[in-house]
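Step one of this worksheet: look at the structure below.
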Amino acid sequence: MDSGQVPEDGNTTSPIWVSDRQADDRPTSRPAAPASAYALIGRASLRGLLDDPKHRHLRRRVFVALGVGVLAGILLASWQLGFTAAVVAAIVDTVLHARADSSVPAWRRASVAERRTEVQLKRLERGGYRTLHARAIPGSEAQIDHLVVGPTGVYAVDSEKWDKRLPVRVQSHRKLFHGPFNQKARLDEAHWEATQAGELIGRELGREITIVPSLAIYGPAIPWKVLNVREVDVFDGGHVRKWITKRERSLTDIEIEKIYEAAERVLPARYPEN
């Protein structure tokens, strides 16, 4: 999961789109409006539609079509050909963006970082590893991006995509910075998620379960292989498999299956299938 970053001074801004819907109080009868009034209403409605952030793709499409149409009309000295070019441009824009868009809401799709980690974890299945993705911590908004259970133990991996232009550094193994942004809250969150998941699974099985928390970072260069910061392992996202498999084997196949099934029961899917 890609997380927001907050400067140490705590100043943030968050744009919020607000849409107010007012009740339709139209009377049963009213005097006819002049044609000019209807024209003004039509232009206002169109402008409101294009200004709505939910329809910004329509605004872009209109601008693309107008730009291409005007340019073609001037170059070809024909408004008919310009109009045709505008229609073709609108169709092409629609097709190109339809391929990129998904019918699944953005908040239900895995981030780029999560998908990259999933690809790596998929390759561990042949070695007896089991993985759950996007599991919620009950009673909270927290989510473990990837819970991995395998021969070497149990792991909670949170995938992060950070701006590659900002350096990553640590101070005294207790502070992690991405550029000027202190990542203490993100580290504490990852540790808390793993601890909560371990307690829930442990109660379900009647035994102690330790889950190793981690941050797999994509984007900026990480100047170390694996570094434990505030009890969370931090490393380059491309090293997820190696980080998991390099440890000694500690679980049997039977134990792996029991822990995996318990985790399925106590950690609900963040976005359950309908």
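Its first residue numbered 0, the sequence shown is counted upward by one per residue in numbering that gives the first Met the number 0. From the three backbone atoms N, C-alpha and C, an ideal C-beta is built for every residue, glycine too.
Exposed unless 16 or more other CB atoms sit within 10 angstroms - verdict on Pro166
exposed
Could you tell me which residues DSSP puts in a beta bridge with Ile210?
Val153
Which whole-angstrom value is the C-beta distance of Leu186 and Val265, which I expect to be below 8 Å?
Their Cβ separation, rounded to whole angstroms, is 24 Å, which puts Leu186 and Val265 out of contact at 8 Å.
Reduced DSSP secondary structure (H/G/I, E/B, other) of His172:
coil
To the nearest angstrom, how far is it from the Cα of Leu175 to the Cα of Arg134?
25 Å
Which of the three DSSP states is assigned to Arg129 in this structure?
strand
Closest by CA to Ala189, which one among Ser249, Val111, Gln142?
Gln142
Taking all protein chains shown into account, do 16 or more other C-beta atoms lie within 10 angstroms of the C-beta of Gln182, making it buried, or fewer, making it exposed?
buried
Answer yes if the segment 238 to 257 comes into contact with the segment 115 to 126, meaning at least three C-beta pairs across the two stretches below 8 Å, and no otherwise.
yes
Check the DSSP bridge columns for Ile216 and list the partner residues they point to.
Glu159, Asp235
With distances taken from CA atoms, which of Val111, Ser77, Val118, Pro150 is nearest Lys257?
Pro150
Can you give the Cα-Cα distance for Pro132 and Ala268, rounded to whole angstroms?
For the record, residue 132 in the displayed sequence is His; it is not Pro. Cα-Cα distance, rounded: 8 Å.
Ignore the nearest five residues each way along the sequence and tell me which others in Ser2's own chain have a CB closer than 6 Å to its CB.
Low confidence applies to Ser2: its pLDDT is 45, below 50, so where it sits in the model is not reliable enough to give any reading.
Once you ignore the five residues that flank Ala84 on each side, which residues in its own chain have a CB closer than 7 Å to its CB?
Val67, Gly68, Ala71
Could you give the DSSP three-state label for Arg246: helix, strand or coil?
coil
Is the beta carbon of Gly178 less than 8 Å from the beta carbon of Leu250?
no
Enumerate in chain order the residues of its own chain whose CB-to-CB distance from Ile221 is below 8 Å, with the five nearest sequence positions on each side excluded.
Val167, Val233, Phe234, Asp235
How many angstroms separate the CA atom of Val61 from the CA atom of Leu80?
17 Å
Straight-line Cα distance separating Gly197 from Leu137:
Note that residue 137 is Pro in the sequence shown here, rather than Leu. Whole-angstrom Cα-Cα distance: 13 Å.
Report the option in Ser77, Glu247, Val111 whose CA atom is closest to the CA atom of Ile216.
Val111
Need the endpoints of the beta strand (DSSP E) that Leu226 sits in, please.
225 to 228
Segment limits, alpha helix (DSSP H) that includes Arg269:
Arg269 -> no alpha helix (DSSP H), and no H or E assigned at all.
For Val148, write down the residues that DSSP places opposite it in a beta bridge.
Arg129, Val153
How is Gln79 classed by DSSP in three states: helix, strand or coil?
helix
Candidates Ile208, Lys245, Glu207: which alpha carbon is nearest Lys224's?
Lys245
Buried or exposed (CB count within 10 angstroms, at least 16 for buried), Pro212:
buried
Tell me, which residues are paired with Gln182 by DSSP?
DSSP, once it has assigned bridges, lists no residue as partnering Gln182.
How about Ile208 and Ala193: are their beta carbons less than 8 Å apart?
no
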